[in-house]
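A.B. asks:
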Amino acid sequence: MSFKVKLYVDGMEFNILQHHFGFLQNSDYTGRPISKPQSRTFDFIIEASKDNTFFEWSTHPTMMKKECEIVFSPTLGNSKSTKIKLLDIYCVYCNYHFTSTGVDPFTVTFSLSPATILFDGQVIMSKHWKVTDPERLNVAPTTIESNKELTRYYLTDMDGNEIEDYVTGDIILLQLETRNRIGDKTSVSFNDNEHDFKMNGSILKNDTIEGYIINSDHETIKLEVIDQQEA
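When we follow the working numbering, the leftmost residue of the sequence shown carries the number 132, and every step to the right adds one.
As structure tokens, this is what we get:
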């Protein structure tokens, strides 16, 4: 399943290119844990922009932000989104990287160290230096309205026959069947390592249709299959 990940800080939204986090327990020679679980930093890579939030945050020795949210959302379907909320956070690392090659030439890498971590509203870890009481936040899990559905999506040829495979030069149709989603935006990712796709004459970035506005319960999107383009 394909996901998109967004980070929300101070009312601003950031699209995440890469993200990882984890937990660690020290163990004895038999492999049994001998200490409380410890959280590692939450590490991110985003596209660089004129915004200097993370630069300022990382260079200020006492700047602590009250909260931020990481939202993991399926690019297709009506599955529940997952939300991780971080409270009382320091930015302990920030690095700008430029390369003359690739699809993301200028990026920002940064690491966040929170006092409290909540997973879909449940506190899973809290450190002694916390300032905010998570019980006062009334945090609820992020859900998508149950009456809004992407009921089915599939590929067809120009004659309407369902297909699973395609080759360079094919014209294919992406069929989206939805319920109560008119006016909503959706994104579709193909994750094809051998082909790229053209939509309305333009090559899709990262094989992804971004922010497509649903205008009817059955949408047909015409795509051209092309060879994988060099970065």
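Note that CB positions come from ideal geometry on N, CA and C, so glycine has one too.
Whole beta strand (DSSP E) runs in the region 238–299 with 3 or more residues, listed along the chain?
C.D. replies: The region 238–299 contains these whole beta strand (DSSP E) runs: 253–257, 280–287.
A.B. asks: Does the ligand GDP have even one heavy atom less than 6 Å from the beta-carbon of residue 249?
C.D. replies: Looking at this structure, you won't find the ligand GDP or any other ligand, since it has none at all.
A.B. asks: Out of 180, 158, 262, which has the shortest C-alpha to C-alpha gap to residue 197?
C.D. replies: Among 180, 158, 262, the Cα nearest to that of residue 197 belongs to 262.
A.B. asks: Between the Cα of residue 201 and those of 358, 286, 245, spot the shortest distance and give me the residue it belongs to.
C.D. replies: The shortest C-alpha separation from residue 201 is found at 245.
A.B. asks: Are the beta-carbon atoms belonging to residue 218 and residue 193 less than 7 Å from one another?
C.D. replies: The answer is no: Cβ separation not under 7 Å.
A.B. asks: Report the option in 338, 337, 305, 325 whose CA atom is closest to the CA atom of residue 345.
C.D. replies: Considering only alpha carbons, the answer is 305.
A.B. asks: Looking only at C-alpha atoms, which of 206, 352, 343 sits nearest to residue 289?
C.D. replies: The candidate whose alpha carbon is nearest that of residue 289 is 352.
A.B. asks: Got a sec, what are the start and stop residues for the alpha helix (DSSP H) residue 184 sits in?
C.D. replies: Where residue 184 is concerned, the enclosing alpha helix (DSSP H) stretches over 184–190.
A.B. asks: Within this structure, are the beta carbons of residue 241 and residue 229 separated by less than 7 Å?
C.D. replies: No, the pair does not count as a contact, with Cβ atoms beyond the cut-off.
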